[in-house]
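S.K.: From first to last, the protein sequence lines are chains A and B. Heads up, the first sequence is in my numbering, so the first residue is 1 and it goes up one at a time. Heads up, the second sequence is in my numbering, so the first residue is 374 and it goes up one at a time. Each residue gets a CB set at the ideal place from its N, CA and C atoms; glycine is no exception. What you are looking at is a predicted structure, and each value in this text was computed from that prediction instead of being measured. Got a structure here, written out as structure tokens. Questions coming.
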Amino acid sequence: MIRFENVSKSYGDSLILNNLSFEIQKGEFAVLIGPSGCGKTTSLKTINRLIEPNQGKIYVDGKDISETDRIELRRSIGYVIQQIGLFPNMTVEQNICVVPKLLKYSKEEMSKIVHEMLELVNMPYEDYAHKYPSELSGGQQQRIGVLRALAASPPIVLMDEPFGALDPMTRTILQDEVRNLQKKLGKTIVFVTHDMDEALNMADKIIFMDQGNILQMATPDEMLENPADELIASFMGKRGKDSELPSLSAADFLRADVRTTYINSGVRESIDKMARRRVDTLIVKNQDETYVGTLSISKIKKEGKDHKTIEPLVNLNNSTCYIDEDAPVCLDRLLHGDDSYIVVLNRDNTIAGMITKTSMAKALADAVWGDSL
Amino acid sequence: MSNFLSLYADRMIKAIGTHFLYVIASVSIAFVVAVFLGILLSRKPSWATVVIPLLSVFQTIPGIVFIGVLFLYLGMVPATVLIALSIYAIFPILKNTYVGIIEVPTQYKEAAKGCGMSPIQVLCRVELPLALPSIIGGLRISTVYTVSWAVLAAMIGLGGLGELIYAGVSSNNNALIFAGAIPAAIMAILFSAVIDLVRKKLIPKPLRGDGK
């Protein structure tokens with residue numbers, strides 16, 4: 001739908017856009033984000049030719065936009081700016097009809113559009129159509145700003161930090177409204193913001209820019225999981241998967257009262273030990289207390305008769321982790337691996353304990369609700 | 374009083390008519406020229422920094438001197454008065470037009486451009502409407518001033534209310550002075566009121582604000 005090919009822009013010596021190439025698909029909600037001066041707004045404005053790149057081509061719908069008439073182009077692309085920019089000398093109705101009027105729609109068509117548009121945002125025609133922008137709240141004004149961009153049903157809408165000036169409440173509401181509108185109407189939206197929450201909340205695709213370059217282009221999930229750069233991670237702040245929890249390591253999840261046995265102990269002896277302790281697994285260690293593997297009762301049942309010592313029966317491949325490793329890593333192994341528990345080792349390879357699903361659940365509950373449980 | 378009126382009523386009516394025509398004609402000419410120039414200057418603000426101070430210096434030349442000089446070249450014809458009055462009336466309108474347009478916040482111009490308006494459309498649909506309060510303010514100043522400057526027409530024998538005033542002054546006839554001065558004052562107030570009405574009609578409430 002929108003394709004950048006090696007687009008560069010500089011003012012004098014300062015390079016604003018550095019050889020950008022990317023593509024935004026039809027129906028996609030793409031968010032351009034980055035620190036101020038990263039080139040996100042410049043990129044946006046090159047799409048409706050408010051800014052002309054020095055080099056490179058931009059294609060909209062397969063057509064090179066430098067060859068389309070810029071006024072026609074702008075009429076076919078919706079545009080919402082940060083300061084809202086509703087014309088104060090026009091009523092709500094007139095503002096919504098700016099582009100349809102430029103495109104010489106008939107009176108009936110325009111009146112139909114205004115009714116439909118106001119209905120989309122639940123602002124009754126009778127109450128609002130003839131008001132002036134200054135008579136509306138900030139949130140209502142920006143709703144009309146969005147409607148103005150949508151009025152002539154452009155397939156593409158550009159939004160330049162449209163909610164920057166709104167209070168957080170209104171902002172969230174409008175984010176949801178715009179997201180719903182976009183889905184409902186199937187628009188391709190390019191949205192500039194410096195607010196990562198906003199980006200994660202709205203985007204299908206986030207394009208993270210810095211100093212005229214794209215650092216990463218990914219879905220919100222991907223970006224959360226694998227931020228490609230320190231800067232991106234810092235933008236997301238504590239918004240990682242564990243953001244709600246204090247940072248936890250394996251130590252917080254383990255149970256230390258594990259049953260162990262030495263590698264050279266006999267099969268019989270081990271069965272006894274399991275019976276006495278009422279467990280189905282023993283953790284096997286060397287004479288120097290370092291970890292070897294695990295021994296399960298089912299394995300003994302199957303092959304135990306043929307051996308004297310447990311050595312050949314030990315499973316050497318059970319998942320392990322170190323006690324100071326980050327909890328999410330360990331939990332991931334537990335939840336997505338084949339083993340029903342993870343052995344936790346100290347850094348000297350002695351056994352610290354194990355994490356089972358039960359111990360994990362308990363530790364998580366403690367972390368969330370405190371130690372009261 | 375009735376005696377006075379029977380003596381001077383005809384003269385007064387004629388003087389008021391002439392005076393009124395001078396004001397209407399010269400302000401109309403000035404308005405067209407000034408708005409046009411104001412728009413031109415707003416396209417080239419670098420010129421404005423030269424032109425506007427120049428004009429404001431010109432504005433300080435006393436009207437009486439200017440009319441006198443024009444009279445030498447053009448003679449005793451109404452054109453002399455109209456040209457002089459128009460030139461004086463241009464400046465307030467020109468300046469307010471220029472400033473009004475220049476001060477339209479960028480966000481509106483950018484939004485207009487982004488919506489796909491051509492430069493002319495941006496001017497006619499956004500810039501001029503938003504500058505209108507300022508332009509009308511300039512029009513009011515020009516009109517009220519022109520009412521008083523038009524008195525100078527009598528100086529070169531071209532009638533208007535000034536004729537009564539000059540006659541009154543030279544014949545020491547206070548009644549005659551008032552017969553010229555009071556209608557001039559009333560005319561200024563009436564013009565001002567009419568412009569107010571126009572302003573109310575043309576400018577939507579939120580843009581009016583208070584004051585001028």
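1. Mind listing which residues of the segment 526-543 of chain B have their C-beta closer than 9 Å to chain A's C-betas, in chain order?
2. Comparing C-alpha positions only, which one of A:Ser10, A:Gln55, A:Gln25, A:Lys57 sits nearest to Cys38 (chain A)?
3. Report the option in B:Tyr461, B:Leu455, B:Gln432, B:Pro492 whose CA atom is closest to the CA atom of Leu102 (chain A).
4. Please report the Cβ distance between Asn213 (chain A) and Asn18 (chain A), rounded to the nearest whole angstrom; I am assuming they are in contact, meaning their Cβ atoms lie under 8 Å.
5. I'd like to confirm the pairing. Which residues does DSSP put opposite Asp210 (chain A) in its beta bridges?
6. Could you tell me which of A:Cys321, A:Ile207, A:Ile263 sits nearest to Gly34 (chain A), measuring between CA atoms?
7. Could you please give the first and the last residue of the uninterrupted beta strand (DSSP E) stretch that includes Arg3 (chain A)?
8. Please work out which residues of its chain come closer than 6 Å, Cβ to Cβ, to Val258 (chain A), disregarding the five sequence neighbours upstream and downstream, and give them in chain order.
9. Under a Cβ-count criterion, where at least 16 other Cβ atoms within 10 Å of its own Cβ denotes burial, should Gly436 (chain B) be classed as buried or exposed?
10. Which residues in the same chain have their Cβ closer than 7 Å to the Cβ of Tyr79 (chain A), if we skip the five residues on either side of it in sequence?
11. Determine the DSSP secondary structure at Ser153 (chain A), reduced to helix, strand or coil.
12. Starting from Ser153 (chain A), find everything on chain B with Cβ-Cβ shorter than 8 Å and list it in chain order.
13. Could you give the residue range of the beta strand (DSSP E) that holds Asn18 (chain A)?
14. Hey, Thr358 (chain A) and Val343 (chain A): beta-carbon distance below 8 Å or not?
15. Applying the criterion that 16 or more other CB atoms from any shown protein chain within 10 Å of the CB defines a buried residue, is Ser234 (chain A) buried or exposed?
16. Taking DSSP as the reference, what is the three-state secondary structure of Val450 (chain B)?
17. Just the Cα atoms here: how many angstroms apart are Ile475 (chain B) and Val430 (chain B)?
18. Output yes if chain A places a C-beta closer than 8 Å to the C-beta of Leu496 (chain B); else output no.
19. Considering Leu345 (chain A), what are the terminal residues of the beta strand (DSSP E) in which it resides?
20. If we cut at 8 Å on Cβ distances, does Leu181 (chain A) have a partner in chain B?
21. Please classify Cys497 (chain B) as buried or exposed, where buried requires at least 16 other C-beta atoms within 10 Å of its C-beta.
22. Checking contacts by CB at 8 Å: is Ile81 (chain A) closer than that to chain B?
23. Any idea what DSSP makes of Ser296 (chain A), helix, strand or coil?
24. How big is the Cα-Cα spacing for Val567 (chain B) and Leu534 (chain B)?
25. With three or more beta-carbon pairs closer than 8 Å as the criterion, would you say the segment 508-518 of chain B touches the segment 393-405 of chain B?
26. Looking at C-alpha atoms only, which residue of A:Leu20, A:Ser76, A:Ser8 is the closest neighbour of Gln55 (chain A)?
27. Is it buried or exposed for Ser36 (chain A), if we count other Cβ within 10 angstroms and need 16 for buried?
28. Between the segment 297-305 of chain A and the segment 270-280 of chain A, do three or more beta carbon pairs fall short of 8 Å?
29. Tell me, to the nearest whole angstrom, how far the beta carbon of Met123 (chain A) is from that of Gln140 (chain A); I am working on the premise that it is less than 8 Å.
30. For the segment 137-170 of chain A, list every residue whose C-beta sits within 7 Å of some C-beta in chain B, in sequence order.
31. Mind checking if Lys481 (chain B) is an interface residue toward chain A, Cβ cutoff 8 Å exclusive?
32. What's the call for Met169 (chain A), buried or exposed, on a 16-neighbour Cβ count within 10 Å?
33. Please list, in chain order, all residues of the same chain as Arg333 (chain A) whose beta carbon is under 7 Å from its beta carbon, the five residues on each side excluded.
34. Below 8 Å on the Cβ atoms is my guess for Lys57 (chain A) versus Ser43 (chain A); work out the distance and round it to an integer in Å.
35. Give me the chain B residues within the contact set of Phe87 (chain A), using Cβ-Cβ distance strictly less than 9 Å, ordered along the chain.
36. Answer with buried or exposed for Ser459 (chain B), where buried requires no fewer than 16 other C-beta atoms within 10 angstroms of its C-beta.
M.R.: Let me lay it out:
1. Considering only beta carbons, no part of the segment 526-543 of chain B lies closer than 9 Å to chain A.
2. Cys38 (chain A) has its Cα closest to that of A:Ser10, out of A:Ser10, A:Gln55, A:Gln25, A:Lys57.
3. For Leu102 (chain A), the closest C-alpha among the options B:Tyr461, B:Leu455, B:Gln432, B:Pro492 is that of B:Pro492.
4. Indeed, because the Cβ distance is near 5 Å, the residues count as touching under 8 Å.
5. Bridge partners of Asp210 (chain A): A:Asn213.
6. Comparing C-alpha distances from Gly34 (chain A) to each of A:Cys321, A:Ile207, A:Ile263 shows the shortest one belongs to A:Ile207.
7. Counting along the chain, the beta strand (DSSP E) containing Arg3 (chain A) begins and ends at 2-11.
8. Leaving aside the five residues that flank Val258 (chain A) on each side, the residues in its chain whose CB is nearer than 6 Å to its CB run, in chain order, Ile283, Gly353, Met354.
9. Result: buried.
10. Non-local C-beta neighbours of Tyr79 (chain A) in its own chain, meaning closer than 7 Å and more than five positions away in sequence, comprise Asn48, Ala149, Leu158, ordered along the chain.
11. Ser153 (chain A): coil per DSSP, three-state reduction.
12. Result: empty, since nearest Cβ-Cβ is about 14 Å, beyond 8 Å.
13. It spans 14-24 - the beta strand (DSSP E) in which Asn18 (chain A) sits, taken as one unbroken run.
14. In this structure, Val343 (chain A) does not lie closer than 8 Å to Thr358 (chain A) by Cβ.
15. That one is exposed.
16. DSSP places Val450 (chain B) in coil when its eight states are reduced to three.
17. The alpha-carbon atoms of Ile475 (chain B) and Val430 (chain B) are separated by roughly 22 Å.
18. Using a CB distance cut-off of 8 Å, Leu496 (chain B) does not count as an interface residue toward chain A.
19. From DSSP, the beta strand (DSSP E) with Leu345 (chain A) extends over 341-345.
20. At a cut-off of 8 Å between beta carbons, Leu181 (chain A) makes no contact with chain B.
21. In this structure Cys497 (chain B) is exposed. Its beta-carbon is surrounded by fewer than 16 other beta-carbon atoms within 10 angstroms.
22. At a cut-off of 8 Å between beta carbons, Ile81 (chain A) contacts chain B.
23. Three-state result, Ser296 (chain A): strand.
24. Spanning the two alpha carbons is a distance of roughly 20 Å.
25. Yes: the two stretches touch, three or more of their Cβ pairs being nearer than 8 Å.
26. Cα-wise, what sits closest to Gln55 (chain A) is A:Ser8.
27. Taking all protein chains shown into account, Ser36 (chain A) has fewer than 16 neighbouring C-beta atoms within 10 Å of its C-beta and is therefore exposed.
28. At 8 Å Cβ cutoff, the stretches touch.
29. Separation of the CB atoms of Met123 (chain A) and Gln140 (chain A) is rounded to 7 Å, and the pair is thereby assigned contact status at 8 Å.
30. Close to chain B, meaning a Cβ-Cβ distance shorter than 7 Å, is no residue of the segment 137-170 of chain A at all.
31. Checking the sequence shown, residue 481 (chain B) turns out to be Tyr, not Lys. Put simply, the CB of Tyr481 (chain B) is near chain A, with a gap under 8 Å to one of its CB atoms.
32. Met169 (chain A) should be labelled exposed.
33. If we look at Arg333 (chain A) and ignore the five residues flanking it on each side, its Cβ neighbours are Ser319, Cys321, Ile342.
34. Not confirmed; about 14 Å, so no contact.
35. The answer, in chain order, is Tyr481, Ala484, Ala485, Arg498, Val499, Pro502, Leu503.
36. With 16 or more Cβ atoms within 10 Å of its Cβ, Ser459 (chain B) is classed as buried.
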